[in-house]
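According to numbering that gives the first Met the number 0, the sequence shown holds residues 0 to 131 in order.
Data block below; observations after.
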Amino acid sequence: MSSKDVYSKKRIIAVTSLKIMKRYDYGHLDEIEVRRLDQQLYKFKEGDFPRLRLQDIEYMLLLLVQQKLTNLMIDERFDLNVALRMFTRCIVIQKRVEDLQLGVESYQKELNLTKPDTFRNKDGIPAKEEME
0 MSSKDVYSKK RIIAVTSLKI MKRYDYGHLD EIEVRRLDQQ LYKFKEGDFP
50 RLRLQDIEYM LLLLVQQKLT NLMIDERFDL NVALRMFTRC IVIQKRVEDL
100 QLGVESYQKE LNLTKPDTFR NKDGIPAKEE ME
């Protein structure tokens, strides 16, 4: 785990280092070290992503897109990009599933399930009182 708590409201201003484990030509992030606005270093693992604020993921993606991570090797930037994008997709899919579930629940609440007014016998002919 990290010496500092992963969760912080301080903005991430730099990704200072990455430790990457290679397996089957795929780079798995073992440890990420970032510098926050308070100038402190924070270390966390890819598994800690859910404990981060969504803005933290956004800040790291912005640093990648703005090419401000020149201190990292190209392979490290690529692996960080893959990890952040996979996590982001997971969040988007979870949000869409939740929205879909809420939509189905709200739709079900609006259904009108009252009994029909007509009564028919087993042959499908209306009952006598309806014919009068």
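Built from N, CA and C at the ideal position, the CB exists for glycine as well.
Kindly list the residues whose CB is nearer than 7 Å to the CB of residue i, restricted to its own chain and excluding five residues on each side of it in sequence; keep chain order.
i          : result
residue 11 : 33, 35, 55, 58, 59
Check each candidate in the options and name the one with the smallest Cα separation from residue i.
i          : options       : result
residue 77 : 9, 28, 98, 13 : 28
residue 52 : 64, 90, 99    : 90
residue 61 : 39, 72, 84    : 84
Once DSSP output is grouped into helix, strand and coil, what is the label at residue i?
i          : result
residue 29 : strand
residue 58 : helix
residue 52 : coil
residue 20 : strand
Go through its chain and collect everything with a Cβ distance to residue i's Cβ below 8 Å, but skip five positions before and after it.
i          : result
residue 19 : 26, 27, 28, 29, 74, 75, 78
residue 63 : 76, 79, 80, 83
Taking Cβ positions, are residue i and residue j nearer each other than 8 Å?
i          : j          : result
residue 41 : residue 7  : yes
residue 45 : residue 82 : yes
residue 37 : residue 67 : no
Excluding the 5 residues flanking residue i on each side, which residues of the same chain have their C-beta closer than 6 Å to its C-beta?
i          : result
residue 48 : 86
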